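Adding 454 to a residue's 1-based position in the sequence shown gives its number in the working numbering.
Don't be surprised by glycine CBs; every beta carbon is placed ideally from N, CA and C.
Quick caveat: nothing in here was measured; it's all calculated off a predicted structure.
Okay, structure first, notes after.
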Amino acid sequence: MDRDNISKFDHCYGCGVCVAVCPVNIIDFKENEMGFYSPYIESPEKCINCGLCLKICAFNHAQIATEDEVDIRAFAAYSKNELIRQRCSSGGIGFEIGKLMIERGYKACGVRYNPTLRRAEHFIAETTDEFRPSVGSKYIPSFSSEAFSEINRKEKNLVTGTPCQIDSFRRMIQHFKVEDKFVLMDFFCHGVPSLLLWNKYLSEIESKIGEATFVSWRNKTTGWQDSWSMCADIDAESLDWHNSYNLKIRGKKHLYQSRMSEGDLFYKFFLGNYCLNECCYKDCKYKMCISAADIRIGDLWGKTYSNENNGTSAVVAFTPIGLEIISHLAKSTCSVQEIPVVTATEGQMKAPANEPWVKDSILKSLKTDKTLSSIAMKWCRIYQTSIIPKRAFNKFRRIIKK
Ligand SMILES: Cc1cc2nc3c(=O)[nH]c(=O)nc-3n(C[C@H](O)[C@H](O)[C@H](O)COP(=O)(O)OP(=O)(O)OC[C@H]3O[C@@H](n4cnc5c(N)ncnc54)[C@H](O)[C@@H]3O)c2cc1C
Ligand code: SF4
Ligand code: SF4
Ligand code: SF4
Numbered sequence: 455m456d457r458d459n460i461s462k463f464d465h466c467y468g469c470g471v472c473v474a475v476c477p478v479n480i481i482d483f484k485e486n487e488m489g490f491y492s493p494y495i496e497s498p499e500k501c502i503n504c505g506l507c508l509k510i511c512a513f514n515h516a517q518i519a520t521e522d523e524v525d526i527r528a529f530a531a532y533s534k535n536e537l538i539r540q541r542c543s544s545g546g547i548g549f550e551i552g553k554l555m556i557e558r559g560y561k562a563c564g565v566r567y568n569p570t571l572r573r574a575e576h577f578i579a580e581t582t583d584e585f586r587p588s589v590g591s592k593y594i595p596s597f598s599s600e601a602f603s604e605i606n607r608k609e610k611n612l613v614t615g616t617p618c619q620i621d622s623f624r625r626m627i628q629h630f631k632v633e634d635k636f637v638l639m640d641f642f643c644h645g646v647p648s649l650l651l652w653n654k655y656l657s658e659i660e661s662k663i664g665e666a667t668f669v670s671w672r673n674k675t676t677g678w679q680d681s682w683s684m685c686a687d688i689d690a691e692s693l694d695w696h697n698s699y700n701l702k703i704r705g706k707k708h709l710y711q712s713r714m715s716e717g718d719l720f721y722k723f724f725l726g727n728y729c730l731n732e733c734c735y736k737d738c739k740y741k742m743c744i745s746a747a748d749i750r751i752g753d754l755w756g757k758t759y760s761n762e763n764n765g766t767s768a769v770v771a772f773t774p775i776g777l778e779i780i781s782h783l784a785k786s787t788c789s790v791q792e793i794p795v796v797t798a799t800e801g802q803m804k805a806p807a808n809e810p811w812v813k814d815s816i817l818k819s820l821k822t823d824k825t826l827s828s829i830a831m832k833w834c835r836i837y838q839t840s841i842i843p844k845r846a847f848n849k850f851r852r853i854i855k856k
C-alpha cells in the first residue's frame, strides 16, 4: 500500500519541520545510523493521512517555496561593534539581524551549541542576551524539531537555519497563511557533516583536555593567519580562502585549538566532503542565490576580499523585508556597501559537493573504535591518490583557459 506520509523517504534533508506540523504528533526526530537527524513515524496506525508533512517538506518538491522572479541585491557588510565582529564567524551580520528583530518585538530562533548533549540545537530567544549563543557557525547538523515545534505562529518570529530547513519552514508558514509574521534567514551552505565525525573527534580531544564546556568553530582570538602549507586537501581554486577554520574547545582541564591549515582532522573530513549528508551531494537545490529566505548571509570569500582579515559578511536580500532590514542596519549598527551579486557569490560553491567513492567506507569506519587519524591515513589517502590524474587534468584545463 502507498504510504502518504514522510515515511516513504529513505533519506531526506532532516530539517525537522514535519515534526512541528503533524497534527497528531506522531513524528519523532532522532539521529540515524549515519549520524544525521531523521524523522520517524512512531505509530503509523495513528496517521490520519492529512498529507501536511508531505506538503511542507522541501525534500518532496523539485522547486523551492518561492518560485517568483525576485530582485536580488547583494551587500558586503560587517558589524561596527568590534566585539560582535570578533565573536562571529564572518562580519557578525547574523547576530545584528537577530538583535534588530528582537528590538522590533520579534522572537529569534537560532542555533546554539549544547555541550552537555554534545549537539547543536535550535532555540528561541526573546532578548538580545538570550540570542548571544547563536553567534558563530556550528558546522554540524542542528537538532531543530523541538524549537520549531515551540514557535508560536501567531507571534512575530525571525527564524534562521540551513537553506533546506528554511525552504520547508517557508512552506509551513505559507500553508498556515502567517508569512507576514515571519522573517527567514539562511546562509550559503557547504553541507553538514555526520555526527559520527563530530562525536569521534570530540571524544579524542576530550580524552586530552577533559569534558568540553565550550566550542567555537571559527575562532578569531588568535587571528586568521595565512599559511596553508599543511593542508593537502585544498586545491588551487580555494586559495582565496581566509585561514579562518580555527576550532577552539574549552575543556574542564585544558584549552584546545586546531586549524584546518595545520591539518585539523574535523575540517579535513568536513571540508574535504568525506562524510556529508547524502542530500548535500545529491539533492541540494540551494547553491548560489537559490533560496526561500528573505535574507541570506555568508562569508565574503573570493579575490576581491581576500586581504580582509577581520571578517566581512556577504548578505543577499531576496524580498522587500530583507532589503528593508539591510537598509536599516546600514543607517545604524553596521557598515554596509552594495556590491554586484557576482562578487558576493564569487567564492561560493556553484554546485553540490562531489560524493567521494570512499564516503560509505569512511562512515562505516567512523562507527568503529579506529582513530580519526588512522581513518584519514587509510581512506583519505586512497581517495586522494585516485583523483590525482583528475586534478592534474583540471589544472591543465585551467591553465589553457587562462
Ligand atoms: C553547516 C554550515 C555550512 C556553511 N557553509 C557556508 C558556505 O559554504 N559559504 C559561506 O559563505 N558560508 C557558509 N556558512 C555560513 C558561515 O559560516 C557564517 O555563518 C556566515 O558567514 C555568517 O556569519 P556571521 O558572522 O554573520 O554570523 P554568525 O554569528 O556566524 O551567524 C551564524 C548564524 O547561523 C546559524 N547557525 C549556526 N550554526 C548552524 C547550524 N548548524 N544549522 C543551522 N543554522 C546555524 C545561527 O543561528 C546564526 O544565526 C555555513 C554555516 C553552517 C552552519
Ligand atoms: S520535512 Fe524535513 S525532516 Fe521532514 S521529511 Fe521533509 S526534509 Fe525530512
Ligand atoms: S500525513 Fe498528517 S498525520 Fe500522517 S504523519 Fe503526515 S502530518 Fe502526521
Ligand atoms: S548543503 Fe543543501 S541539503 Fe545540505 S544542509 Fe546545506 S542546504 Fe541542506
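Asked	Found
Anticipated Cβ contact below 8 Å, residue 508 with residue 459, distance rounded	7 Å
Identified DSSP bridge partners for residue 563	578, 613
Beta-carbon proximity list for residue 808, same chain, < 8 Å, skipping 5 on both sides	727, 735
Cutoff 8 Å; reference residue 783; Cβ partners in own chain excluding five residues on either side	531, 547, 550, 551, 554, 790
Secondary structure of residue 694, DSSP reduced to three states	Below a pLDDT of 50, predicted positions are generally treated as unreliable, and residue 694, at 43, falls in that range; the measurement from the model is reported next regardless. Three-state DSSP puts residue 694 in a helix.
Residue 499 to residue 484 span [Cα, whole Å]	20 Å
Backbone secondary structure at residue 700 - three-state DSSP	strand
Whole-angstrom C-beta distance between residue 700 and residue 713, which should lie under 8 Å	5 Å
Environment of residue 693 [buried if 16+ CB atoms lie within 10 Å]	For residue 693, the predicted structure reports a pLDDT of 40, less than 50, and the residue's modelled location is therefore unreliable. A value from the coordinates is still provided. Exposed: under 16 other Cβ atoms inside 10 Å.
Neighbouring residues (CB closer than 7 Å to any heavy atom of ligand 3)	458, 459, 460, 472, 475, 476, 477, 478, 480, 481, 495, 501, 502, 503, 504, 505, 506, 507, 508
Identity of the residues DSSP links to residue 812 by a beta bridge	DSSP, once it has assigned bridges, lists no residue as partnering residue 812.
Straight-line gap, residue 820 to residue 849 (C-alpha atoms, nearest Å)	32 Å
Distance cut 6 Å, beta-carbon to ligand 4 heavy atom: residue list by chain order	467, 616, 617, 618, 643, 645, 646, 731, 733, 734, 738, 740
Closer than 7 Å: residue 470 CB and nearest ligand 2 heavy atom	yes
Pair within 8 Å by beta-carbon distance, residue 575 and residue 566	yes
For residue 525, the three-state DSSP class (helix, strand or coil)	coil
Outcome for residue 831 when other beta-carbon atoms lying within 10 angstroms are tallied against a minimum of 16	exposed
Residue 513: CB within 7 Å of a non-hydrogen atom of ligand 2	yes
Between the CA atoms of residue 746 and residue 617 - distance to the nearest angstrom	7 Å
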